[in-house]
Amino acid sequence: MRIVKGAFIFFCAVSLLVSCGGEKKKEKENFSYENKSTTTEKEIENRNLANIVLIGDDLMKFDKTEIKAKTGQKVKLTLRHKGKMDVNVMGHNVVILKRGVDITTFAGKAALARDNDYIPVNTEDIIAFTKTIGGGQTTSIEFNAPDPGIYDFICSFPGHYALMKGKFIVE
Numbered sequence: 015m016r017i018v019k020g021a022f023i024f025f026c027a028v029s030l031l032v033s034c035g036g037e038k039k040k041e042k043e044n045f046s047y048e049n050k051s052t053t054t055e056k057e058i059e060n061r062n063l064a065n066i067v068l069i070g071d072d073l074m075k076f077d078k079t080e081i082k083a084k085t086g087q088k089v090k091l092t093l094r095h096k097g098k099m100d101v102n103v104m105g106h107n108v109v110i111l112k113r114g115v116d117i118t119t120f121a122g123k124a125a126l127a128r129d130n131d132y133i134p135v136n137t138e139d140i141i142a143f144t145k146t147i148g149g150g151q152t153t154s155i156e157f158n159a160p161d162p163g164i165y166d167f168i169c170s171f172p173g174h175y176a177l178m179k180g181k182f183i184v185e
């Protein structure tokens with residue numbers, strides 16, 4: 015019995031030593047003092063990108079009423095319409111207005127611009143805008159954030175601006 019017990023203890027000790035020793039050797043083999051940074055230009059560009067996603071629905075609501083970016087930062091604004099209604103019935107877009115633009119006046123002009131995605135022609139009031147989409151659709155735009163300040167954003171589909179609005183804060 016003593017021999018079996020001793021053999022068992024010996025076997026366990028050898029197993030522990032063998033299993034622990036191999037890993038340390040592998041760690042040493044992979045160790046290097048070299049800087050192996052693999053940051054790509056795309057990763058650096060993505061760090062400087064404000065990736066903003068707004069979601070609209072059939073209840074005429076955006077999921078956010080405040081979005082942020084830094085001055086001069088590249089902004090990728092994605093609009094998703096999670097509703098089911100067609101673009102002609104419940105279309106949504108995002109329009110970021112310049113400071114000082116009266117939302118009601120702008121929305122009145124936009125309501126008359128059906129053939130231009132509800133964006134008034136020859137207007138100087140807009141920083142950026144998406145196309146108008148219907149239920150289940152997605153659209154994106156890219157632009158550079160303007161000077162620091164607080165800017166209004168709305169959906170310019172007729173009647174939506176009263177509920178579908180928010181602030182674009184540029185720091």
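Numbering-wise, the sequence shown is residues 15 to 185 according to the numbering used here. Just so it is clear, CB atoms sit at the ideal spot from N, CA and C, and this is done for glycine as well. Bear in mind that the values here come from a model prediction, so they are computed numbers and not experimental data.
**Asked** Hey, would you say I141 sits closer than 7 angstroms to I110, going by beta carbons?
**Response** Pairing I141 with I110 gives a Cβ-Cβ distance under 7 angstroms.
**Request:** Please name the residue, chosen from K181, E185, I183, G173, that lies closest to V103 on a Cα-to-Cα basis.
**Result:** Among K181, E185, I183, G173, the Cα nearest to that of V103 is on G173.
**Asked** Are F120 and I133 close, meaning C-beta to C-beta below 7 angstroms?
**Response** Taking a C-beta distance under 7 angstroms as the contact criterion, F120 and I133 do not qualify as a contact pair.
**Item:** Option nearest G150 by Cα separation, candidates N65, N62, D71, I81
**Value:** Closest in alpha carbon position to G150, among N65, N62, D71, I81, is D71.
**Identity of the residues DSSP links to I183 by a beta bridge** = DSSP, once it has assigned bridges, lists K82, I164 as partnering I183.
**Request:** Please confirm whether A159 and V89 have their CB atoms less than 7 angstroms apart.
**Result:** The answer is yes: Cβ separation under 7 angstroms.
**Prompt:** How would you write the range of the beta strand (DSSP E) that A127 sits in, first residue to last?
**Reply:** In the DSSP annotation of this structure, A127 is not part of any beta strand (DSSP E), being labelled neither H nor E.
**Request:** Could you pull out every residue in the same chain whose Cβ sits closer than 6 angstroms to the Cβ of V67, ignoring the five residues on either side in sequence?
**Result:** Once the five neighbours on either side are set aside, the close Cβ partners of V67 are T92.
**Asked** Do K112 and E185 have their C-beta atoms closer together than 7 angstroms?
**Response** No.
**Between the CA atoms of N136 and I69 - distance to the nearest angstrom** = In a straight line, the C-alpha of I69 is about 28 angstroms away from that of N136.
**Item:** Between the CA atoms of C169 and K145 - distance to the nearest angstrom
**Value:** If you take the alpha carbons of K145 and C169, they lie about 10 angstroms apart.
**Request:** Along the beta strand (DSSP E) that carries N65, what are the first and last residues, could you check?
**Result:** First-last of the beta strand (DSSP E) with N65: 63-70.
**Message:** Can you look up V109 in the DSSP assignment and give me helix, strand or coil?
**Reply:** Three-state result, V109: strand.
**Request:** Please report the Cβ distance between K181 and D161, rounded to the nearest whole angstrom; I am assuming they are in contact, meaning their Cβ atoms lie under 8 angstroms.
**Result:** In fact, because the Cβ distance is near 15 angstroms, the residues do not count as touching under 8 angstroms.
**Message:** Taking the alpha helix (DSSP H) that E135 belongs to, which residues open and close that run?
**Reply:** Residue 135 is actually Val in this sequence, not Glu. No alpha helix (DSSP H) contains V135, which DSSP labels as neither H nor E.
**Asked** To the nearest angstrom, how far is it from the Cα of A64 to the Cα of H95?
**Response** Cα to Cα, the separation comes out at about 20 angstroms.
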